[in-house]
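Enquirer: Residues are numbered in the numbering used here as their position in the sequence shown, beginning at 1, plus a constant of 2.
Please read through the structure below; I'll follow up with questions.
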Amino acid sequence: MTIPYPEPRGYPGNLGLVFAEHAESDRIAVTELPDDGPPRATSFRDLDAACNAYARGLVRAGLKPGDRVGILSPNHVQFVLALFGAMRAGVVPVPINIKLSADTVSYILADAAIRLVFAEPELKHLVPAAIDVVFFGRGADGFEGFLDFGPFQAFEPAPDSVAIQPYTSGSTGLPKGVLLTHYGQNWSRRILAHTRGTTDRDVILVAAPLYHKNALNAIKQGLTAGATLRLLRQFSAERYIEAIGLHQCTVVSGVPTMMAMVLAHKDLLKKVGKTASAGFNRGSLFRHRGETRGRFPCGRRRTRVEEPRHHARVS
Numbered sequence: 003m004t005i006p007y008p009e010p011r012g013y014p015g016n017l018g019l020v021f022a023e024h025a026e027s028d029r030i031a032v033t034e035l036p037d038d039g040p041p042r043a044t045s046f047r048d049l050d051a052a053c054n055a056y057a058r059g060l061v062r063a064g065l066k067p068g069d070r071v072g073i074l075s076p077n078h079v080q081f082v083l084a085l086f087g088a089m090r091a092g093v094v095p096v097p098i099n100i101k102l103s104a105d106t107v108s109y110i111l112a113d114a115a116i117r118l119v120f121a122e123p124e125l126k127h128l129v130p131a132a133i134d135v136v137f138f139g140r141g142a143d144g145f146e147g148f149l150d151f152g153p154f155q156a157f158e159p160a161p162d163s164v165a166i167q168p169y170t171s172g173s174t175g176l177p178k179g180v181l182l183t184h185y186g187q188n189w190s191r192r193i194l195a196h197t198r199g200t201t202d203r204d205v206i207l208v209a210a211p212l213y214h215k216n217a218l219n220a221i222k223q224g225l226t227a228g229a230t231l232r233l234l235r236q237f238s239a240e241r242y243i244e245a246i247g248l249h250q251c252t253v254v255s256g257v258p259t260m261m262a263m264v265l266a267h268k269d270l271l272k273k274v275g276k277t278a279s280a281g282f283n284r285g286s287l288f289r290h291r292g293e294t295r296g297r298f299p300c301g302r303r304r305t306r307v308e309e310p311r312h313h314a315r316v317s
């Protein structure tokens with residue numbers, strides 16, 4: 003499907019239902035590309051059921067609309083469903099940079115008044131002992147045991163209801179929470195999908211961390227259009243280049259630093275560059291557009307649209 007141009011206003015509805023038009027489809031929504039082992043695919047139908055199960059788990063745990071939960075993890079499908087599942091319950095996910103110091107993570111957890119953290123086991127040391135943690139994993143005592151499968155009626159947000167609260171990098175001070183509303187983000191995902199021409203035939207490679215705006219934009223607009231996401235656990239120039247051809251990606255995303263690292267691997271690019279037809283986010287490639295066009299002559303550039311946002315602090 004092609005997304006029509008949205009009206010210049012916020013859109014009602016819950017952002018957690020980002021792929022509602024595709025929720026009954028057995029097409030692949032997300033394919034994890036782990037560092038080791040085979041790819042793991044999740045259909046739109048299964049992702050929808052898991053998002054509802056996560057939302058039910060939050061309600062069972064006593065969380066209410068407006069409460070915050072932290073996500074501290076590299077990329078994987080459980081991160082994706084934790085994002086959108088929380089929104090369905092009206093709970094605000096706070097994705098946290100896993101490269102921050104323990105002191106800075108503690109500051110964010112306190113600043114956002116986070117009640118519960120979902121984390122990768124190896125990142126346990128970043129979370130203060132006083133905060134409850136559910137560890138991502140497949141065991142009954144971890145994330146899978148937290149899920150409560152069944153139907154769920156999504157929270158109906160008001161125009162100013164916050165959907166997600168990412169934090170700035172803190173390069174000029176402490177990180178600051180950014181309050182992004184359901185209405186604003188519903189407009190943003192539609193305008194991104196429309197201007198980039200994303201359709202359900204696209205396969206989007208996502209390698210930037212999901213706590214970063216680049217990756218968040220990629221998954222929101224991709225799922226809106228019913229595209230398939232190919233999700234790298236973390237960025238590696240070698241694996242990124244390999245994935246373009248091996249996993250038949252039609253769109254790649256990233257930031258300029260990532261693209262500079264990719265373009266440095268000229269030998270690997272020769273194997274895929276002349277035949278790859280992937281579309282590129284023009285904002286990511288602006289500094290390297292000449293060399294990129296030479297390496298990927300069949301590629302298409304896609305314009306980035308900045309999303310509306312405002313900074314705020316939760317006290």
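Each residue gets a CB set at the ideal place from its N, CA and C atoms; glycine is no exception.
(1) Which residue wins for smallest C-alpha separation from G144, given the options F46, Q80, L234?
(2) Specify the secondary structure class of Y56 as computed by DSSP and reduced to three states.
(3) Among R58, F157, K215, A131, whose alpha-carbon lies nearest the alpha-carbon of L149?
(4) What residues in its chain sit with their C-beta under 7 Å from that of F157, if we drop five residues either side in the sequence?
(5) Nearest to L176 by CA position, among I243, S108, V208, is which residue?
(6) Helix, strand or coil: how does DSSP classify T106 here?
(7) Could you check whether the stretch 198–208 touches the stretch 155–170, counting it as contact only if at least three pairs of C-beta atoms, one from each stretch, sit closer than 8 Å?
(8) Suppose you measure from the CA of V71 to the CA of S238; what does that come to, to the nearest Å?
(9) Less than 7 Å between the beta carbons of R235 and P76, yes or no?
(10) Note down, in chain order, each residue of its chain lying with its Cβ closer than 8 Å to the Cβ of E122, except the 5 sequence neighbours on either side.
(11) Which residue's Cα is closest to the Cα of T230: A22, E23, T44?
(12) For R42, I'd like the list of residues in its chain whose CB is within less than 6 Å of its CB, leaving aside the five on either flank, ordered along the chain.
(13) Any idea if T226 is buried or exposed, counting beta-carbon neighbours within 10 angstroms, 16 or more meaning buried?
(14) Which residue wins for smallest C-alpha separation from A245, given the options P211, D37, K126?
(15) How far does the beta strand (DSSP E) with P67 in it extend, from its first residue to its last?
(16) Please tell me whether V94 and V164 are closer than 7 Å, where the distance is taken between their beta carbons.
(17) In the structure shown, what three-state DSSP assignment does D134 receive?
(18) Report buried or exposed for T252, applying the criterion of at least 16 other Cβ atoms within 10 angstroms of its Cβ.
(19) Taking C-beta to C-beta, are N219 and Y13 nearer than 7 Å?
(20) Evaluate F151 with the Cβ neighbour count: other Cβ atoms within 10 Å of its Cβ, from every protein chain shown; 16 or more gives buried, anything less gives exposed.
(21) Shorter than 7 Å from the beta carbon of F81 to some beta carbon of chain B?
(22) Indicate whether Y242 and P97 have their beta-carbon atoms separated by less than 7 Å.
(23) Which value, in whole angstroms, describes the spacing of the CA atoms of H267 and E240?
Expert: Let me spell this out:
(1) That would be Q80, whose Cα lies nearest to the Cα of G144.
(2) If DSSP states are grouped into helix, strand and coil, Y56 belongs with the helices.
(3) Looking only at R58, F157, K215, A131, the smallest Cα-Cα distance to L149 is reached by R58.
(4) For F157, where only same-chain residues beyond five positions count, the Cβ hits under 7 Å are N16, P67, R90, A91, G92.
(5) Nearest option by C-alpha distance: S108.
(6) Here T106 sits in helix by DSSP.
(7) When Cβ pairs closer than 8 Å are counted between the two stretches, the stretch 198–208 is seen not to touch the stretch 155–170, the count staying below three.
(8) About 29 Å.
(9) With contacts defined as CB atoms closer than 7 Å, R235 and P76 qualify as a contacting pair.
(10) These residues qualify, in order along the chain: L74, S75, P76, I100, F137, F138.
(11) Ranking A22, E23, T44 by Cα distance to T230 puts T44 first.
(12) In chain order, E34 place their CB closer than 6 Å to the CB of R42, counting only its own chain and leaving out the 5 sequence neighbours on each side.
(13) Result: buried.
(14) Considering only alpha carbons, the answer is D37.
(15) Per DSSP, P67 belongs to no beta strand (DSSP E) and is neither H nor E.
(16) Contact: yes.
(17) D134 falls in the strand class under three-state DSSP.
(18) Buried is the call here.
(19) Contact flag unset, no.
(20) Looking at its Cβ environment, which holds fewer than 16 other Cβ atoms inside 10 Å, F151 is exposed.
(21) Among the protein chains of the structure shown there is no chain B, as only one such chain exists.
(22) Going by beta carbons, Y242 and P97 fall outside the 7 Å limit.
(23) Cα to Cα, the separation comes out at about 8 Å.
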